[in-house]
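Protein chains in written order, with the UniProt record's numbering: chain A, 1 to 410; chain B, 1 to 410.
Everything below concerns the one structure shown next.
There are 2 protein chains.
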Amino acid sequence: MQILKASKPTGGMEKMTLFSSKEYQPLTESLAVTLAVKMRIFSENAVLSCSEIGDGNLNLVFRVTDTVTRQGIIIKQALPYAKVVGESWPLTLKRAKIEADALKIFGKIAPEYVPVVHFTDDVFAITVMDDLSHLSIARTGLIRGEKYPLLSKHLGEYLAKTLFFTSDFGVNQSEKKELQRQFINPELCKITEDLIFTDPFIDSPTNSFEPELRSAVESIWKDAELIFHVALLKKSFLTEGEALLHGDLHTGSVFANATETKVIDPEFAFYGPGGFDIGQVFANLLFQALANEEKIHEIQEHLETFWNVFVDQYSELWNTENQEPLSYAPGFFDAVIQKFFQDALGFAGCELIRRTIGLAHVADLDSIQDIDKRLLVKRKTIDLGKLLIKSKKEIHSIDDFIKVVVQTLV
Amino acid sequence: MQILKASKPTGGMEKMTLFSSKEYQPLTESLAVTLAVKMRIFSENAVLSCSEIGDGNLNLVFRVTDTVTRQGIIIKQALPYAKVVGESWPLTLKRAKIEADALKIFGKIAPEYVPVVHFTDDVFAITVMDDLSHLSIARTGLIRGEKYPLLSKHLGEYLAKTLFFTSDFGVNQSEKKELQRQFINPELCKITEDLIFTDPFIDSPTNSFEPELRSAVESIWKDAELIFHVALLKKSFLTEGEALLHGDLHTGSVFANATETKVIDPEFAFYGPGGFDIGQVFANLLFQALANEEKIHEIQEHLETFWNVFVDQYSELWNTENQEPLSYAPGFFDAVIQKFFQDALGFAGCELIRRTIGLAHVADLDSIQDIDKRLLVKRKTIDLGKLLIKSKKEIHSIDDFIKVVVQTLV
Numbered sequence: 001m002q003i004l005k006a007s008k009p010t011g012g013m014e015k016m017t018l019f020s021s022k023e024y025q026p027l028t029e030s031l032a033v034t035l036a037v038k039m040r041i042f043s044e045n046a047v048l049s050c051s052e053i054g055d056g057n058l059n060l061v062f063r064v065t066d067t068v069t070r071q072g073i074i075i076k077q078a079l080p081y082a083k084v085v086g087e088s089w090p091l092t093l094k095r096a097k098i099e100a101d102a103l104k105i106f107g108k109i110a111p112e113y114v115p116v117v118h119f120t121d122d123v124f125a126i127t128v129m130d131d132l133s134h135l136s137i138a139r140t141g142l143i144r145g146e147k148y149p150l151l152s153k154h155l156g157e158y159l160a161k162t163l164f165f166t167s168d169f170g171v172n173q174s175e176k177k178e179l180q181r182q183f184i185n186p187e188l189c190k191i192t193e194d195l196i197f198t199d200p201f202i203d204s205p206t207n208s209f210e211p212e213l214r215s216a217v218e219s220i221w222k223d224a225e226l227i228f229h230v231a232l233l234k235k236s237f238l239t240e241g242e243a244l245l246h247g248d249l250h251t252g253s254v255f256a257n258a259t260e261t262k263v264i265d266p267e268f269a270f271y272g273p274g275g276f277d278i279g280q281v282f283a284n285l286l287f288q289a290l291a292n293e294e295k296i297h298e299i300q301e302h303l304e305t306f307w308n309v310f311v312d313q314y315s316e317l318w319n320t321e322n323q324e325p326l327s328y329a330p331g332f333f334d335a336v337i338q339k340f341f342q343d344a345l346g347f348a349g350c351e352l353i354r355r356t357i358g359l360a361h362v363a364d365l366d367s368i369q370d371i372d373k374r375l376l377v378k379r380k381t382i383d384l385g386k387l388l389i390k391s392k393k394e395i396h397s398i399d400d401f402i403k404v405v406v407q408t409l410v
Numbered sequence: 001m002q003i004l005k006a007s008k009p010t011g012g013m014e015k016m017t018l019f020s021s022k023e024y025q026p027l028t029e030s031l032a033v034t035l036a037v038k039m040r041i042f043s044e045n046a047v048l049s050c051s052e053i054g055d056g057n058l059n060l061v062f063r064v065t066d067t068v069t070r071q072g073i074i075i076k077q078a079l080p081y082a083k084v085v086g087e088s089w090p091l092t093l094k095r096a097k098i099e100a101d102a103l104k105i106f107g108k109i110a111p112e113y114v115p116v117v118h119f120t121d122d123v124f125a126i127t128v129m130d131d132l133s134h135l136s137i138a139r140t141g142l143i144r145g146e147k148y149p150l151l152s153k154h155l156g157e158y159l160a161k162t163l164f165f166t167s168d169f170g171v172n173q174s175e176k177k178e179l180q181r182q183f184i185n186p187e188l189c190k191i192t193e194d195l196i197f198t199d200p201f202i203d204s205p206t207n208s209f210e211p212e213l214r215s216a217v218e219s220i221w222k223d224a225e226l227i228f229h230v231a232l233l234k235k236s237f238l239t240e241g242e243a244l245l246h247g248d249l250h251t252g253s254v255f256a257n258a259t260e261t262k263v264i265d266p267e268f269a270f271y272g273p274g275g276f277d278i279g280q281v282f283a284n285l286l287f288q289a290l291a292n293e294e295k296i297h298e299i300q301e302h303l304e305t306f307w308n309v310f311v312d313q314y315s316e317l318w319n320t321e322n323q324e325p326l327s328y329a330p331g332f333f334d335a336v337i338q339k340f341f342q343d344a345l346g347f348a349g350c351e352l353i354r355r356t357i358g359l360a361h362v363a364d365l366d367s368i369q370d371i372d373k374r375l376l377v378k379r380k381t382i383d384l385g386k387l388l389i390k391s392k393k394e395i396h397s398i399d400d401f402i403k404v405v406v407q408t409l410v
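The following block contains the structure:
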């Protein structure tokens with residue numbers, strides 16, 4: 001932790017300031033404070049403290065705090081590589097711009113659920129935004145047993161608004177195309193294409209699973225019907241630009257407490273099928289029920305609330321804000337919602353499987369200490385994933401979906 | 001017609017040359033010749049003639065010819081407005097760049113079916129390309145009763161190659177996204193969205209039809225099931241970036257003779273559903289059979305050849321050039337082809353209807369002099385259009401399709 005006085009920069013400091021360099025460099029705690037000072041976010045004589053609090057996977061995250069008022073900001077900087085596989089996996093810094101631009105757009109559409117962006121710099125891949133340290137990462141909190149009674153309602157509203165107002169129904173169809181151009185995001189999409197839709201379904205060296213699961217995993221690779229459906233879901237992800245997606249909307253991208261919910265980290269944002277974001281929420285809520293049978297009712301309520309709020313809100317926007325002249329066509333709304341739902345089930349199935357046997361796991365499952373229980377839960381997760389992918393067209397409602405989940409759990 | 005000697009430009013000419021101006025100006029025949037001279041396409045002492053040969057709708061088209069060798073080139077320049085509705089409908093000049101870029105890409109993929117581009121200038125919205133005056137516009141030729149025995153085979157090959165090699169199956173998936181960015185084409189897409197998918201299905205002032213057709217047209221506007229399907233087709237057009245489409249592949253965009261076929265005018269190019277291009281070909285062949293019952297066998301053969309060649313070629317490319325790791329999934333190829341086919345039937349239906357009652361008609365129908373026959377043909381065209389849109393999922397093969405067409409005709 002670095003502590004510095006927020007006094008007016010001296011000539012000497014000016015020279016060493018961040019933006020005297022024209023080339024990207026990773027920030028240090030000291031440089032992060034200098035940046036905060038230059039931005040005059042804090043009062044002139046504030047004494048600031050700074051810590052790097054990121055999980056260090058793809059980004060540096062500095063929290064700069066006024067040591068007296070305790071008010072703070074977050075300075076997030078993209079790293080030019082993914083640490084998860086060492087420095088050998090270079091990653092475009094452009095994702096910081098995608099993330100900042102997406103935060104601004106989503107923030108305009110659903111300000112109650114998105115942190116305010118104060119400043120961005122494309123060269124340094126920096127986004128300065130609200131400090132959310134009074135909230136917890138939803139995944140971590142849920143694993144700790146915290147309750148977020150409004151989480152699902154908030155996420156339903158967030159997605160109804162963002163998926164509607166960035167689609168051809170909610171925005172001028174020409175403007176939507178310019179947004180689509182702005183959010184062409186090949187490098188981050190490739191991570192999803194590989195790690196969610198491809199590698200878990202073939203014998204790829206990126207996969208990672210307990211040796212005891214090998215036969216279950218091999219049965220995935222040999223399941224022609226499953227691979228067929230995954231191929232179609234991948235095609236949908238590759239081609240269907242329905243709305244500006246968050247693109248990585250798992251519970252680790254959500255900050256929450258009992259009353260507040262903020263969606264962060266949209267660096268995977270791109271124009272894709274709306275059901276992908278919905279499916280990520282489905283799946284990442286499901287991990288909690290899979291890992292803890294006693295949570296089934298809590299998660300069931302979350303799933304129902306999330307979906308029902310989403311449909312209600314989307315329906316209201318459809319009826320009041322629609323820009324599509326043919327939107328009045330009888331049955332059109334239902335067809336759009338049904339597609340979201342079926343897509344979401346399929347994408348949720350892919351997420352369940354890839355978080356169990358692919359490269360990037362979730363703590364909900366991996367933190368289960370008892371090896372027998374963990375293996376049992378993971379087998380159930382795989383089974384539920386396969387079922388959702390293959391049977392998505394036979395699951396017609398959120399009630400059907402809950403029934404399928406409960407049947408898998410018992 | 002302007003005749004000029006292709007001698008080396010004098011100092012005086014240099015001053016007045018086209019590109020001494022930095023701003024767009026419409027070419028004259030004289031300026032077109034100056035440009036040809038500057039490009040040194042012709043030998044130094046050639047005597048050149050020049051005529052403006054465009055239909056004057058959206059573009060100026062100059063043919064510059066060596067009066068001795070008869071060799072020529074085409075200089076096409078976009079106009080900043082659409083003449084079809086007067087100068088009041090401004091149109092982006094960027095479409096010249098879209099067209100030139102698309103010609104280059106399609107020319108690389110299917111050189112036998114695309115004119116060579118020699119020169120482009122974005123500011124002046126100019127494309128210089130091969131002169132195709134030894135060929136006829138296929139629509140005009142077909143109306144005159146000319147036979148193009150290879151037209152359908154060539155179009156099948158052209159579309160198999162262009163739809164495959166610009167899709168996620170035929171090109172690196174990151175490169176495809178950059179192409180998609182390059183071909184975001186809001187203004188030209190809006191013309192299609194309005195004139196094909198919207199206006200004909202509502203009581204829009206852009207519609208144009210014989211008063212005798214009013215009750216048939218009103219039955220379209222009141223047909224809830226039809227509008228529902230059109231809304232879904234429009235959504236597909238708006239969201240599904242399967243491949244780089246020509247975007248306006250009617251028989252007026254095709255030059256042909258007995259042995260050769262060239263596809264021109266891809267200024268509507270964008271990433272959309274492959275079935276749209278296929279459907280435009282279906283529909284524009286169908287106009288010929290609708291207008292002339294005695295041509296049903298000729299057109300039936302064209303439809304069968306076009307589709308079967310398309311499937312054969314696409315299948316070969318799928319099996320030999322596929323870049324999608326999951327493409328081996330049993331049933332995936334069939335699902336992709338089936339989607340192309342059903343989409344194409346629906347899009348063909350929209351084209352049949354809009355060319356009958358919308359803003360832009362086709363000479364195949366409008367040139368029928370006998371008013372009773374013309375009305376009968378137009379009613380059949382509307383009926384076939386409605387049937388294809390509503391029943392596309394029940395038409396499973398090209399044979400089924402032909403049967404439906406024949407039933408409508410008799």
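C-beta atoms are modelled at their ideal positions from N, C-alpha and C, and glycine is treated no differently.
What's the call for Lys373/A, buried or exposed, on a 16-neighbour Cβ count within 10 Å? exposed
For Gly275/B, does the count of other Cβ atoms within 10 angstroms reach 16, so buried, or fall short, so exposed? buried
Scan the segment 177–211 of chain B for residues whose Cβ lies nearer than 8 Å to a Cβ of chain C and list them as they occur along the chain. Absent from the structure: chain C. Protein chains present are A and B.
Positions along the segment 111–138 of chain A whose CB lies within less than 7 Å of some CB in chain B: none
Which one of His246/A, Glu394/A, Leu35/A has the shortest CA to CA distance from Leu188/A? His246/A
Report, in whole angstroms, the separation of the C-beta atoms of Gly385/A and Ala344/A, which I expect to be a contact under 8 Å. Gly385/A to Ala344/A, Cβ: 13 Å. No contact.
Using only CA atoms, which one of Leu226/A, Ser208/A, Ala283/A lies nearest to Leu359/A? Ser208/A
Take Ala32/B and list the residues in its own chain whose beta-carbon comes closer than 7 Å to its own, dropping the five residues that flank it on each side. Cys50, Phe62, Val64, Ile75
Against chain B, with Cβ distances strictly below 8 Å, would Lys15/A count as a contact? Because the pLDDT at Lys15/A is just 36, under 50, the model does not fix this residue reliably, and the value given afterwards should be weighed accordingly. It does not; no Cβ of chain B falls within 8 Å.
Contact belief for Gln313/A with Ile299/A at Cβ below 8 Å, rounded distance in angstroms: That pair is no contact at about 21 Å.
Between Leu60/A and Leu91/A, is the Cβ-Cβ spacing less than 8 Å? no
In terms of alpha-carbon separation, which member of Leu244/B, Ser236/B, Val406/B, Arg354/B lies closest to Gly107/B? Leu244/B
What residue ranges within the segment 262–315 of chain B form continuous alpha helix (DSSP H) runs of no fewer than 4 residues, ordered along the chain? 274–291
So who's on the other strand from Ser136/A, going by DSSP bridges? Ala256/A
Whether or not the segment 219–237 of chain B and the segment 118–127 of chain B are in contact is what I'm after, with contact meaning three or more pairs of Cβ atoms, one per stretch, closer than 8 Å; do they touch? no
Between which two residues does the beta strand (DSSP E) carrying Arg63/B extend? 59–66
Members of the segment 307–336 of chain B that neighbour chain A once the beta carbon cut-off is set at 9 Å: Glu324, Pro325, Leu326, Ser327, Tyr328, Ala329, Pro330, Gly331, Phe332, Ala335, Val336
Identity of the residue in Lys190/B, Leu238/B, Tyr148/B, Ala160/B nearest Phe255/B by Cα: Tyr148/B
Comparing the C-beta of Lys393/A with each C-beta of chain B, is any distance below 8 Å? no
Output yes if chain B places a C-beta closer than 8 Å to the C-beta of Ile227/A; else output no. yes
How is Gln71/A classed by DSSP in three states: helix, strand or coil? coil
Here's the rule: buried if 16 or more other CB atoms are within 10 angstroms of the residue's CB, otherwise exposed. What is Asp55/B? exposed
As assigned by DSSP and simplified to three states, the class of Val405/A: helix
Look at the Cβ atom of Leu150/A, then the Cβ atom of Thr259/A, and state whether they are nearer than 8 Å. yes
Strictly under 8 Å for the Cβ-Cβ distance: is Asp168/B near chain A by that measure? yes
Anticipated Cβ contact below 8 Å, residue 412/A with Thr408/A, distance rounded: Nothing about residue 412/A can be read from this structure; chain A reaches only from 1 to 410.
7 Å Cβ cut-off: residues of chain A touching Lys234/B: Leu326
Check whether chain A comes within 8 Å of Ala231/B, counting only Cβ atoms and requiring the distance to be less than that. yes
Taking 7 Å as the cut-off, does the CB of Leu60/B come closer than this to any heavy atom belonging to the ligand SAM? In the structure shown, the ligand SAM is absent, as is every other ligand, since no ligand is present at all.
Give me the residue from Lys94/A, Thr140/A, Arg144/A, Ile196/A with the minimum Cα distance to Thr120/A. Lys94/A
Suppose you measure from the CA of Ser397/B to the CA of Ala102/A; what does that come to, to the nearest Å? 44 Å
Excluding five sequence neighbours on each side, which residues of the same chain lie with their C-beta closer than 7 Å to the C-beta of Phe197/A? Val230, Leu233, Lys234, Phe237, Cys350
Got a sec? Which residues, its chain only, sit under 8 Å from Thr305/B by beta carbon, not counting five neighbours each side? Ser152, Lys153, Gly156
Less than 8 Å between the beta carbons of Ser136/A and Glu146/A, yes or no? yes
Please name the residues in the segment 144–175 of chain A whose beta-carbon is closer than 7 Å to at least one beta-carbon of chain B, in chain order. Asp168, Gln173, Ser174
Just the chain B side, please: which residues come within less than 8 Å of Ala100/A by C-beta, in chain order? Chain B residues near Ala100/A: none, gap ~19 Å exceeds 8 Å.
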